[in-house]
Each structure stands twice: as structure tokens, then as C-alpha cells.
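K.L.:
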Amino acid sequence: ILAGVLLKMGAYGFMRFAMPLFPYAVMEYMPYISALAVIGIIYGALVAMVQPDMKKLVAYSSVSHLGFVMLGLFALNAQGVQGALLQMINHGFSTGALFLIVGMLYERRHTRMIADYGGIAKVTPMLFVFFLVVTLSSIGLPGLNGFVGEVLIMVGSWSNQFMDHSIYFTIAAATGVILAAIYMLWMFQRVMYGPVKNEKNQNLEDLSPREIAALAPMILFIVWIGVYSKPFMKTMEASVRDFNVQIEARFKASQTVPKGVKAIVISAPQQQLPAEEKVTE
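Residue numbers (this note's numbering): 16 to 296.
1. Return helix, strand or coil for M8, following the three-state DSSP convention.
2. Return the first residue and the last residue of the alpha helix (DSSP H) that T139 is part of.
3. Which runs of the alpha helix (DSSP H) spanning at least 4 residues fall entirely within the stretch 177–238, listed in chain order?
4. Of all the options G28, K23, V260, which has the alpha carbon lying nearest to the alpha carbon of A93?
5. Here's the rule I'm using: 16 or more other beta-carbon atoms within 10 Å means buried, otherwise exposed. How should K23 be labelled?
6. Would you mind working out which of K71, L100, M42 sits nearest M248, comparing C-alpha positions?
7. In the DSSP assignment, find the unbroken alpha helix (DSSP H) run with H80 in it and report its ends.
8. Give the straight-line distance between the Cα atoms of I193 and T250, rounded to the nearest whole angstrom.
9. Comparing C-alpha positions only, which one of N218, T190, L72 sits nearest to R127?
10. Buried or exposed for V242, please, with buried defined as at least 16 other CB atoms from any protein chain shown within 10 angstroms of its CB.
11. Where does G118 land, buried or exposed, given buried means 16+ other C-beta within 10 angstroms?
12. Hey, Y121 and V206: beta-carbon distance below 7 Å or not?
13. CB T139 to CB L219, shorter than 7 Å?
14. Are the C-beta of V149 and some C-beta of chain C separated by less than 7 Å?
15. What's the C-alpha gap between V53 and M233?
16. Rounded C-beta distance between F83 and I56? I'm assuming under 8 Å.
17. If you draw a straight line from the C-alpha of F145 to the C-alpha of A228, how long is it?
18. Can you tell me which of F236, F258, F184, A112 puts its alpha carbon nearest to the alpha carbon of Y47?
19. What residues in its chain sit with their C-beta under 8 Å from that of I182, if we drop five residues either side in the sequence?
20. Skipping 5 residues on each side, what residues in its chain have a beta carbon closer than 6 Å to that of A187?
21. Between T190 and I129, what straight-line distance do the alpha-carbon atoms span, to the nearest angstrom?
22. If you draw a straight line from the alpha carbon of V255 to that of Q97, how long is it in whole angstroms?
23. My assumption, with CB atoms under 8 Å, is that L88 sits in contact with F29. Please give the rounded CB distance.
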């Protein structure tokens with residue numbers, strides 16, 4: 016529930032309420048919010064890299080992934096917004112599966128510390144395969160779901176026409192992709208490869224049919240979106256188009272408003288006078 020729904024509520028609130036209701040504020044604070052998104056991408060990745068606990072590592076990786084979502088939303092073009100929506104879906108599958116796998120390991124060993132594992136790929140081959148696919152999905156490997164959303168967000172951020180120097184934000188955000196590969200693959204290596212140092216790991220049970228049934232649908236969608244994302248993109252096309260038309264129209268109209276007036280109405284929704292109170296010439 017946390018990975019699939021709750022983490023997206025903030026981004027959904029921005030898209031559904033804050034941005035359409037307060038277009039002037041969005042325009043004024045777009046560089047600052049984009050900067051915070053990039054900071055979240057890099058900071059979340061750096062903190063995840065030093066976590067000794069698998070669950071905390073996955074949690075901080077979510078901070079980094081949601082930074083990409085905000086960067087795409089505030090690109091205010093079709094590619095960025097569509098990529099942000101798709102990345103919300105991708106995050107639910109990838110991170111949700113990671114949390115499930117960490118929970119399955121905890122049930123067997125009652126520890127989430129990375130140092131307590133090592134070499135379990137030989138003992139649990141089915142878990143190894145599922146863990147590998149989800150890890151590669153989380154770092155955005157081409158052919159899996161994370162790649163599609165991140166590329167759309169990068170393209171949208173690069174071509175942001177409402178903000179100067181958006182190219183630099185995109186380049187900075189791209190470092191988050193590199194850092195994600197580092198901390199995810201490093202965790203996977205320490206958990207799955209190497210010698211079996213702890214005797215308790217030698218008798219670990221592989222995935223049960225019930226656990227495979229829980230993970231299999233997520234793996235299916237991870238591969239499906241990565242290989243053929245058109246059905247998902249087509250579903251959100253109309254909503255993204257209407258959202259962009261609405262925001263861009265208000266942005267273009269706001270460019271003619273003097274700065275003094277803009278400062279007054281920056282956080283106030285537009286209102287119209289009743290027909291009988293309008294001034295007629």
C-alpha cells in the first residue's frame with residue numbers, strides 16, 4: 016500500500032489540484048520545485064547507497080524515484096507528464112516487489128541487514144531470478160518498465176519551454192540513474208553473490224508457490240510495460256493532453272500580466288463577476 020498508493024498522493028495532489036488551481040504560483044516556483052526534485056533524486060540515492068538495512072535502502076530509493084516524478088510533472092509537456100504518470104505506476108510494481116522480497120527474506124532469517132546475507136543465489140535460485148528482474152527494473156534497464164518512464168521524463172525535462180536552464184536540471188537528474196545502478200546492484204551483489212558466510216543461509220527455503228503467485232503478476236507488468244507500453248500510454252493520452260492544454264493556456268495568458276498584479280494573484284484562483292455586475296461600454 017505504501018509503495019503502490021500512498022507515496023503517489025503528493026504528486027497526484029500537485030497534478031490534480033495545485034497546478035490547475037494556482038498556475039501563476041506554478042510558473043513562479045517551477046525552478047525551485049524542479050531544483051528540489053533534483054536534490055531529492057541525488058540525496059535519496061546517496062543516502063540509499065550507505066544503508067546497511069535492505070528495507071531502508073529501498074525506502075530511500077523511493078525518495079529518489081519520486082524526485083523523477085516531480086521533475087516530469089513540472090516539465091509541463093506531454094513527454095514529461097506522461098512519463099511522470101507512467102513512473103508512478105512503475106514505482107508501484109518495482110518497489111512493491113522489492114518490499115515483498117525483503118519481507119520474504121526477513122521471514123526466513125528475521126534480519127534485514129545486508130551483512131547477514133551473502134551467497135544465497137545458490138541456495139534460492141527462484142528468489143535469485145525474481146530479485147534480479149526487480150533490481151534491474153528499479154535501475155531502469157532497457158526492456159523493463161523503469162526505462163520507459165525515466166526516458167520520457169528526461170526528454171520532457173530537457174525540452175521544458177517554460178524554464179531557462181532546464182538542460183542543467185536534466186543532466187543533474189541523470190546522475191541519479193547512475194547512482195541507482197550503484198546502490199541497487201551493490202546490494203544485490205552483497206545479498207546474492209559471494210561465499211555463504213553464515214551457516215543459517217545454507218538452509219534457506221526457496222520461494223513457495225504462494226510467494227511466486229504474489230510476485231509473478233508484478234514481474235509480468237514489469238516486463239510488459241518495458242516491452243510494449245503502448246496500451247498504458249494510450250490510456251493516459253487524453254488526460255495528459257487536457258492537462259497540458261489547460262496549464263499552457265493559463266501560462267501564456269499569465270505572461271501578459273504585469274509583475275505587480277502577478278504578485279497579488281499568484282495564489283488566488285481567478286473569479287468572474289456576475290453578468291449583471293460586469294461593466295459594459
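Idealized CB from N, CA, C, for every residue including glycine.
P.N.:
The answer reads as follows:
1. Outside the shown range of the chain (16 to 296) lies residue 8, about which nothing can therefore be said.
2. One-based indexing of the sequence shown puts residue 139 at position 124. DSSP places T139 in no alpha helix (DSSP H); its state is neither H nor E.
3. For the stretch 177–238, whole alpha helix (DSSP H) runs of length 4 or above, ordered along the chain, are 181–207.
4. Position 78 of the sequence shown, counting from 1, holds the residue named residue 93. The option with the nearest alpha carbon to A93 is V260.
5. As a position in the sequence shown, residue 23 is number 8, starting the count at 1. It is buried - the Cβ of K23 has at least 16 other Cβ atoms within 10 Å.
6. Within the sequence shown, the letter at position 233 stands for residue 248. Nearest of K71, L100, M42 to M248, Cα basis: L100.
7. Translated into positions along the sequence shown, residue 80 becomes position 65. First-last of the alpha helix (DSSP H) with H80: 69–88.
8. As a first step, residue 193 is located in the sequence shown; it is residue number 178 there, counting from the start. As a first step, residue 250 is located in the sequence shown; it is residue number 235 there, counting from the start. In a straight line, the C-alpha of I193 is about 30 Å away from that of T250.
9. By one-based count along the sequence shown, residue 127 stands at place 112. With distances taken between Cα atoms, R127 lies closest to L72.
10. What you label residue 242 is simply residue 227 of the sequence shown in a count that begins at 1. Label assigned to V242: exposed.
11. Taking the sequence shown and counting its residues from 1, one reaches residue 118 at position 103. Counting the other Cβ atoms within 10 Å of the Cβ of G118 gives fewer than 16, which makes it exposed.
12. By one-based count along the sequence shown, residue 121 stands at place 106. By one-based count along the sequence shown, residue 206 stands at place 191. No. Outside cutoff.
13. Reading the sequence shown from its first residue, position 124 is the one you call residue 139. Reading the sequence shown from its first residue, position 204 is the one you call residue 219. Closer than 7 Å, so yes.
14. The structure shown contains no chain C, having only a single protein chain.
15. Here residue 53 is taken as the residue at index 38 of the sequence shown, counted from 1. Here residue 233 is taken as the residue at index 218 of the sequence shown, counted from 1. Cα-Cα distance, rounded: 28 Å.
16. Numbered from 1 along the sequence shown, position 68 holds the residue referred to as residue 83. Numbered from 1 along the sequence shown, position 41 holds the residue referred to as residue 56. Sure, about 6 Å apart at Cβ, within 8 Å.
17. Within the sequence shown, numbered from 1, the residue matching residue 145 stands at position 130. Within the sequence shown, numbered from 1, the residue matching residue 228 stands at position 213. In a straight line, the C-alpha of F145 is about 12 Å away from that of A228.
18. Here residue 47 refers to the residue found at position 32 when the sequence shown is read from its first residue. Nearest C-alpha to Y47: F184.
19. Looking up residue 182 in the sequence shown gives position 167. Closer than 8 Å at the Cβ level, and outside the excluded window around I182, lie W173.
20. The count along the sequence shown starts at 1 and reaches residue 187 at position 172. Within the same chain, A187 has close Cβ partners V53.
21. Counted from its first residue, the sequence shown places residue 190 at position 175. Counted from its first residue, the sequence shown places residue 129 at position 114. Using only the alpha carbons, I get a separation of about 24 Å.
22. Mapped onto the sequence shown, residue 255 falls at position 240. Mapped onto the sequence shown, residue 97 falls at position 82. Answer to the nearest angstrom: the Cα atoms are 6 Å apart.
23. Locating residue 88 in the sequence shown gives position 73, where the first residue counts as 1. Locating residue 29 in the sequence shown gives position 14, where the first residue counts as 1. Correct: roughly 6 Å between the Cβ atoms.
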